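For the sequence shown, the numbering used here assigns the number 22 to the initial residue and increments by one for each residue that follows.
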Amino acid sequence: MSISPTKLEALAIDGGRPVREKLLPYGRQSLDDNDIRAVVDVLKSDWLTTGPKVGEFEEAFAARVNAKYAVSFSSGTAALHGAAFAAQLGPGDEVVTTPLTFCATANCVLYQRATPVFADVCDDTLNLDPQEVRSKLSSRTKAILAVDYAGHPAALDELRQIAESAGALLIEDACHALGAEYRGQSVGGIADMTVFSFHPVKHLTTGEGGMVATNDAKLAETLRRFRNHGISSEARQRQQSGQWFYEMVLLGFNYRLTDIACALGISQLEKLDDNLARRRQIAARYNSAFRGEEGVIAPRVRAEVNPAWHLYPIRVESAKLRGGRSQIFRALRAENIGVNVHYIPVHLHPYYRDCFGYRGGEFPVAERAYEQLISLPMFHGMSDEDAEDVIKAVNKVLSHYYVG
Ligand SMILES: Cc1ncc(COP(=O)(O)O)c(C=O)c1O
């Protein structure tokens, strides 16, 4: 950061004028008239759920992520549960996963009464460290569950090799990474199952929604049944063939995504490439503002990936700043920059502490990163002025707290 020797502008937290009048959120959806029309058309049709839009969305999505099959779910969390079920997780099984993620990643293992085994992350990408994963394998390891933190794909080749040698499945939680590429290939067709979320802060939204992509026909069939009570056929198939008979073949849930949501998803998917391009532009602007600056570490990108930039998490170098991350966070919020923190490491949540006895200190890389992380606003609807406000506010705040 270029620390100006001239008099510093008063921070909003100290009663000065904020950089923005109105809060800029860290993420939000963008919807246009075509999206609204697509939803209204479904509302006027015969099928609000289990209708034709579901398969249409799934096919278009599978084609976009270069996977043979895509199975929609009512949320990313439900999709993770589906993947955990299809991986046949059960009591006694272990799944190696990252602590630096949203709790839903690890919770899906618990839904199946299996055990999440955390492994620490790499300091540069904050994704699972393959060496650490190797050290956590046991004869009970049934899957490796990687997260593409912030939209930067995990070390998928290494993790796949480790999974194969352990006789385990590789499941990728790509809820941050729709549209990301790893060695030139879209995430979605690389792991055994890849899970996506369509929450409003994501690259495309259906309100709530999720998807599992896979190249395995058997897994796809299990996923389809699981999200529909474990029933072996769907209502529309039965209506079309004049049949009433159905059988429940496994214990599933109602995790269906409605036709209303799928119509929105189809319309949003058409804009995915533009949305990704815009996020990459904003990331490039942030990178040029923050890379090499004092007091802050910009996210690092490995050569083999093209990230999807769900988040733009900076790390503040607390030792060089008065007050540390919490103070910087509060000061940025006062400037009306809607910063956030991703994530409190999962093992530090009271539920995980109580169930597994974690005390903190088990995963030093993830825990140190957590103490430093601040997610800056990042969404495809941001204007250039919005991005400049963020940069101005970060520089303003760091100038005040930087002690070198
Ligand atoms: C890494 C990760 N996994 C899973 C989820 C859960 O997705 P959903 O909110 O669609 O249930 C999220 C949600 O943001 C997430 O960030």
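Glycine included, each C-beta is placed from N, C-alpha and C at the ideal position.
Computed from a predicted structure; not experimentally measured.
- Residue pairing by DSSP places A167 opposite E193 in a beta bridge.
- Counting every other CB atom within 10 Å of its CB across the protein chains shown gives L29 a total below 16, marking it as exposed.
- Just measuring C-alpha positions, the residue of V168, T162, Y203 and A201 sitting nearest E185 is T162.
- Taken in chain order, the unbroken stretches of alpha helix (DSSP H) that lie wholly in the stretch 24-106 and span 4 residues or more are 54-64 and 73-86.
- The straight-line gap separating the alpha-carbon atoms of R374 and H368 is approximately 6 angstroms.
- A Cβ-Cβ separation of about 13 angstroms leaves D67 out of contact with A284 under the 8 angstroms criterion.
- Distance from the CA atom of T71 to the CA atom of R277, rounded to whole angstroms, is 8 angstroms.
- DSSP, reduced to helix, strand and coil, places R312 outside both helices and strands of the structure shown, so it counts as coil.
- Per DSSP, the continuous beta strand (DSSP E) segment holding I335 begins and ends at Y333 to V337.
- When the beta-carbon positions are compared, L293 and L190 stay at least 7 angstroms from each other.
- Where L419 is concerned, the enclosing alpha helix (DSSP H) starts and stops at D405 to Y422.
- Contact between V362 and S396 holds, with the beta-carbon distance rounding to 7 angstroms and staying under 8 angstroms.
- The three-state secondary structure of L131, taken from DSSP, is helix.
- Pairwise C-beta distances place the stretch 242-260 out of contact with the stretch 31-49, as fewer than three of them are shorter than 8 angstroms.
- Between the alpha carbons of T98 and G425 lies a gap of roughly 42 angstroms.
- Taking a cut-off of 8 angstroms for Cβ pairs, the stretch 315-335 and the stretch 194-203 touch, as three or more such pairs fall below it.
- Per DSSP, the unbroken beta strand (DSSP E) holding V116 starts and ends at E115 to T118.
- Judged by DSSP secondary structure, I183 falls within the alpha helix (DSSP H) whose first and last residues are L177 to A187.
- The three-state secondary structure of E242, taken from DSSP, is helix.
- Taking L244 as reference, the option from F219, F139, G210 and A91 with the minimal CA-CA separation is A91.
- Boundaries cannot be given for F400, as no beta strand (DSSP E) includes it and DSSP labels it neither H nor E.
- By the neighbour-count criterion, in which a residue is buried when 16 or more other Cβ atoms sit within 10 angstroms of its Cβ, N275 is exposed.
- Here the alpha carbons of L180 and R85 stand approximately 23 angstroms from one another.
- Between the alpha carbons of P137 and G37 lies a gap of roughly 47 angstroms.
- The DSSP-derived three-state label of I252 is strand.
- Shown here for R257: same chain residues with a beta carbon closer than 8 angstroms to its own, the five before and five after excluded, namely W68, T71, G72 and P73 in chain order.
- Per DSSP, E153 has no beta-bridge partner at all.
- Short note on D194: C-beta closer than 6 angstroms to some heavy atom of ligand 1.
- DSSP places V216 inside the beta strand (DSSP E), whose first and last residues are M214 to S218.
- Taken through DSSP and simplified to helix, strand or coil, N236 comes out as coil.
- Within 10 angstroms of the beta-carbon of N416 lie 16 or more other beta-carbons, which makes it buried.
- Here A125 is not near L149, since their CB atoms are 7 angstroms or more apart.
- Taking the CA atoms as reference points, C129 sits about 20 angstroms from S160.
- When DSSP reads this structure, N275 sits in a beta bridge with N249.
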